[in-house]
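**Student:**
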Amino acid sequence: DVIVAVDGISIIDQTYDSSIARIKSDEEGSVVKLTVLRGGDPTIGTDPKGVRLDFNVTRGRVVIYSVHDVHIEERDGHRYGYLQVSDINANTYDEQFVPAIKELTSKGAEGLVIDLRGNGGGRVSVAVSMIDGLIDEPDALCVFTHSSRESNRENDSAYRTKDSESITDLPIVLLVDDGTASAAEIITGALKDHGRAYVVGDRTYGKGVVQTIYRLESDPNYSVNITTTQYFTPLGRKVHKGQKGEPGGIQPDLLIQYKDGERDRIHYRLRIRQARHNRDEIAKTSNYWDYEDRMLNAALDLMNGKSVTVKH
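Anchor point for the sequence shown: position 199 equals 181 in my numbering, and the numbering is continuous, going up by one each time.
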């Protein structure tokens, strides 16, 4: 199926941005008519091989869940909170992360394990809010950008915490791996540099650049996307991978590298735990559910004051 018209106006007669704007609306409950071509060639307005269908779609707010599996883990009579953050979007902090922390605190959590494994990032501004909520220090540096080209340094910036109090003072362990990238690495780097969290897992991916879109003066219909600056942690560690084999990313305090097949099993289980319905039924389709999570176990042992020896 291909959308060929919005509210009776062909998408060929309008730009991509105007088509999207026409579909979207801040007015929840309003209706938009989408004309769909099923089969045939969408570039041909009246292709006889295709069937045109009209759908009246009611607009509504779509909640994208990014905080999952909020629960208490018990070790030797002690209670520790666990939550998985799969990505960082507009409603991650205020609507999901903060309530999850409050829920775990109310259940007697003595520490927090925040799982950022497989988190590909998202909005930097929201990542900064999460850092701000976990660091009880006003005007603390969260992350800064710096360009190697002097001509681009006018765009350099620094993100700092505000004067608001932190949402928790519980000790924190972050779980990370090579799927932890971008804004999730900014969180990891800031909390590590400020001594607010202990980091367990594998080295993070190493994606920390700012890209700027420039429209061509010769033809404004075309543009180029150019990397203009890079992100650095508060202590000046470059997040992005280097061009000459420099590893980039955030090095954990406790390095635990995946063994053969372990990464796929852990990531599969993380996805299962994101399910909000029929999770147990889904889990029955795979034996990955009961597979040992060495990183999580190490984090909980550290919380519980035990020494941890890792066998690679």
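Every residue, glycine too, gets a C-beta built ideally from N, C-alpha and C.
#1: Where does residue 154 sit, in a helix, a strand or coil, going by DSSP?
#2: Just list the residues that DSSP pairs residue 56 with in beta bridges.
#3: Measuring straight from C-alpha to C-alpha, what distance separates residue 103 and residue 166?
#4: Could you check how far apart the C-beta atoms of residue 175 and residue 234 are, in whole angstroms? I think they sit under 8 Å.
#5: Please classify residue 38: does DSSP put it in a helix, a strand, or coil?
#6: Would you list the one or two residues that DSSP bridges to residue 247?
#7: Assign residue 189 to one of two classes, buried (16 or more other C-beta atoms within 10 Å of its C-beta) or exposed (fewer than that).
#8: Out of 211, 178, 41, point me to the one whose CA is closest to residue 96's CA.
#9: So, residue 65 versus residue 82, is the Cβ gap smaller than 8 Å?
#10: Shortest alpha-carbon distance to residue -10 belongs to which of 263, -3, 16, -1?
#11: By a C-beta neighbour count over all protein chains shown, 10 Å radius and 16 as the cutoff for buried, is residue 259 buried or exposed?
#12: Within the same chain, show all residues whose beta-carbon is closer than 8 Å to that of residue 264, passing over the 5 residues directly before and after it, in chain order.
#13: If we ignore side chains and look at the alpha-carbon of each, how far apart do residue 232 and residue 212 end up?
#14: Within the same chain, show all residues whose beta-carbon is closer than 7 Å to that of residue 52, passing over the 5 residues directly before and after it, in chain order.
#15: Quick one: what's got a C-beta closer than 7 Å to residue 225's C-beta in the same chain, skipping five residues either side?
#16: Report, in whole angstroms, the separation of the C-beta atoms of residue 182 and residue 155, which I expect to be a contact under 8 Å.
#17: In chain order, which alpha helix (DSSP H) runs of at least 4 residues are fully inside the region 137 to 182?
#18: Along the chain, where does the beta strand (DSSP E) that runs through residue 353 open and close?
#19: Does residue 217 get closer than 8 Å to chain B when you measure Cβ to Cβ?
#20: Could you tell me the boundaries of the alpha helix (DSSP H) in which residue 87 lies?
#21: On the CB-based measure, 16 or more other CB atoms within 10 Å of its CB, does residue 37 come out buried or exposed?
#22: Can residue 105 and residue 122 be called in contact, C-beta distance under 8 Å?
#23: Determine the closest residue to residue 284 out of 94, 137, 146, with distance taken between C-alpha atoms.
#24: Please report the distance separating the alpha-carbon of residue 88 from that of residue 74.
#25: Among the residues of its own chain, which have a CB less than 8 Å from the CB of residue 192, if the five just before and after it don't count?
#26: Using DSSP with H/G/I as helix, E/B as strand and the rest coil, what is residue 283?
#27: Between residue 146 and residue 198, what straight-line distance do the alpha-carbon atoms span, to the nearest angstrom?
#28: Three-state secondary structure (DSSP) at residue 46?
#29: Can you tell me which of 70, 119, 286, 245 puts its alpha carbon nearest to the alpha carbon of residue 276?
#30: How many Å lie between residue 41 and residue -15 at the Cα?
#31: Out of 281, 114, 228, 286, point me to the one whose CA is closest to residue 98's CA.
#32: List the whole-angstrom C-beta distance separating residue 43 from residue 10, where the pair is believed to meet the contact cut-off of C-beta under 8 Å.
**Tutor:** Let me spell this out:
#1: Indexing the sequence shown from 1 puts residue 154 at position 172. If DSSP states are grouped into helix, strand and coil, residue 154 belongs with the strands.
#2: Along the sequence shown, one-based indexing puts residue 56 at 74. In the DSSP output, where bridge partners are listed per residue, residue 56 has 61.
#3: Locating residue 103 in the sequence shown gives position 121, where the first residue counts as 1. Locating residue 166 in the sequence shown gives position 184, where the first residue counts as 1. Rounded to whole angstroms, the separation of the alpha carbons of residue 166 and residue 103 is 5 Å.
#4: Sequence index remark: in the sequence shown, residue 175 carries index 193 (1-based). Sequence index remark: in the sequence shown, residue 234 carries index 252 (1-based). That belief does not hold up - the Cβ atoms of residue 175 and residue 234 are roughly 13 Å apart, past 8 Å.
#5: Taking the first residue of the sequence shown as 1, we reach residue 38 at position 56. Residue 38 falls in the strand class under three-state DSSP.
#6: Indexing the sequence shown from 1 puts residue 247 at position 265. Residue 247 pairs with nothing; no bridge assigned.
#7: Translated into the one-based positions of the sequence shown, residue 189 becomes position 207. Counting the other CB atoms within 10 Å of its CB gives residue 189 a total of 16 or more, which places it among the buried residues.
#8: Working through the sequence shown from its first residue, we reach residue 96 at position 114. Proximity to residue 96 across 211, 178, 41 peaks at 178, based on C-alpha coordinates.
#9: For the purposes of this step, residue 65 is taken as residue 83 along the sequence shown, with counting starting at 1. For the purposes of this step, residue 82 is taken as residue 100 along the sequence shown, with counting starting at 1. With a cutoff of 8 Å on beta-carbon distance, residue 65 and residue 82 are scored as near each other.
#10: In the sequence shown, counting from the first residue as 1, residue -10 sits at position 8. Checked all of 263, -3, 16, -1; the closest Cα to residue -10 is 16.
#11: Locating residue 259 in the sequence shown gives position 277, counting from the first residue. Result: exposed.
#12: On the sequence shown, position 282 is the one that residue 264 refers to. Excluding positions up to five away in sequence, the list reads 254, 257.
#13: Indexing the sequence shown from 1 puts residue 232 at position 250. Indexing the sequence shown from 1 puts residue 212 at position 230. Computed Cα separation, rounded: 14 Å.
#14: For the purposes of this step, residue 52 is identified with residue 70 of the sequence shown, where counting begins at 1. Closer than 7 Å at Cβ, skipping near neighbours: 65, 82, 85, 86.
#15: The count along the sequence shown starts at 1 and reaches residue 225 at position 243. Scanning its chain for C-beta atoms nearer than 7 Å, with the 5 sequence neighbours on each side dropped, one finds no residue around residue 225.
#16: Stepping through the sequence shown from its first residue, residue 182 is reached at position 200. Stepping through the sequence shown from its first residue, residue 155 is reached at position 173. That pair is a contact at about 6 Å.
#17: Entirely contained in the region 137 to 182, the alpha helix (DSSP H) runs reaching 4 residues are, in chain order, 165 to 175.
#18: Residue 353 is absent from the structure shown; the chain starts at -17 and stops at 294.
#19: Note that chain B does not occur in the displayed structure, where there is just one protein chain.
#20: Counted from its first residue, the sequence shown places residue 87 at position 105. Boundaries of the alpha helix (DSSP H) around residue 87: 80 to 88.
#21: Locating residue 37 in the sequence shown gives position 55, counting from the first residue. Exposed is the call here.
#22: Locating residue 105 in the sequence shown gives position 123, where the first residue counts as 1. Locating residue 122 in the sequence shown gives position 140, where the first residue counts as 1. No. Outside cutoff.
#23: Along the sequence shown, one-based indexing puts residue 284 at 302. Selected option, being the one with the closest Cα: 94.
#24: Against the sequence shown, residue 88 aligns to sequence position 106. Against the sequence shown, residue 74 aligns to sequence position 92. Taking the straight line from one Cα to the other gives about 20 Å.
#25: Position 210 of the sequence shown holds residue 192. The residues are 127, 137, 209, 210, 211, 212, 213.
#26: Here residue 283 refers to the residue found at position 301 when the sequence shown is read from its first residue. Helix, per DSSP.
#27: On the sequence shown, residue 146 is found 164 positions in, with the first residue counted as 1. On the sequence shown, residue 198 is found 216 positions in, with the first residue counted as 1. So the two alpha carbons sit approximately 43 Å from each other.
#28: Counting from one through the sequence shown, the residue named residue 46 turns up at place 64. Residue state, collapsed to three classes: coil.
#29: Stepping through the sequence shown from its first residue, residue 276 is reached at position 294. Minimum Cα distance to residue 276 is reached at 245.
#30: Here residue 41 corresponds to residue number 59 of the sequence shown, with the count starting at 1. Here residue -15 corresponds to residue number 3 of the sequence shown, with the count starting at 1. One Cα belongs to residue 41, the other to residue -15, and the distance between them is close to 16 Å.
#31: Sequence index remark: in the sequence shown, residue 98 carries index 116 (1-based). Comparing Cα-Cα distances from residue 98 to each of 281, 114, 228, 286, the minimum goes to 281.
#32: As a working note, residue 43 is residue 61 in the sequence shown. As a working note, residue 10 is residue 28 in the sequence shown. About 6 Å separates the two Cβ atoms, so the contact holds.
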